[in-house]
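S.K.:
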Amino acid sequence: MIQLHDKKFEVFITHDEIQFAIANMTKQIEDDHCDDVPVFVGVLNGAFMVVSDVIKNYNSPCEVSFVKMASYEGTATTNEVKQLIGINQNLEGRTVVVLEDIVDTGNTVEELKNLFKALKVKHCKIATLFFKPEAYSKDIKIDYVGIRIPNKFIVGFGLDYDGLGRNLKDIYQLSE
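For the sequence shown, the residue numbers in this note's numbering are 2 to 177.
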């Protein structure tokens, strides 16, 4: 059990389980894009650890870029997505694989799909380490999912609670 700010969290998913999920997800991505050089676009701040581990497991040529989005305050989504740092390279005609730490409502995914459509990418695939099907409200396909989880607030492995917890190697859920 750990405490971050005013809340207590307990271990939910171990680092070994996370690494297994990332290896499997990366293998699927690599199998699908063996004839291409994808641009992995990590969604900051949360996905920095996911991006690092996917890239370490990806054995074919690829490029990496980042975009910074914000949609959470405390433990709840604002239902509003703000683009804080945008893409600064030409992606027209390229294959983009968005790397997310977590997909819940799908608002960020929808915003990113619209962004990459406007940038005229050839393909835009969505990969997420954690997916909350109960919270997902969009019709956009999530192409690669590491682990499906219930609709509970989690921290660790890049995910935070008001700035704390990103450095934790395991995933913790809010304690009841």
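A virtual CB, placed ideally from N, CA and C, is assigned to each residue, including glycine.
Do ILE127 and LEU113 count as a contact pair if the criterion is CB distance below 9 Å?
M.R.: Going by C-beta atoms, LEU113 is nearer than 9 Å to ILE127.
S.K.: Using the rule of at least 16 other Cβ atoms within 10 Å of the residue's Cβ for burial, across every protein chain shown, is VAL38 buried or exposed?
M.R.: exposed
S.K.: When the Cα of LEU120 is compared with those of LEU92, TYR137 and VAL97, which residue comes out closest?
M.R.: LEU92
S.K.: Would ARG149 be called buried (16 or more neighbouring beta carbons within 10 Å of its own) or exposed?
M.R.: exposed
S.K.: CA-CA distance, ILE143 and MET2?
M.R.: 32 Å
S.K.: Can you give the Cα-Cα distance for TYR145 and PHE10, rounded to whole angstroms?
M.R.: 27 Å
S.K.: Rounded to whole angstroms, how far is the Cβ of LEU100 from the Cβ of VAL40, which I believe are closer than 8 Å?
M.R.: With a Cβ gap of about 10 Å, LEU100 and VAL40 do not count as contacting.
S.K.: Please list the terminal residues of the continuous alpha helix (DSSP H) segment that includes VAL55.
M.R.: 49-58
S.K.: Would HIS34 pass as a contact of THR96 if the rule is Cβ separation under 9 Å?
M.R.: yes
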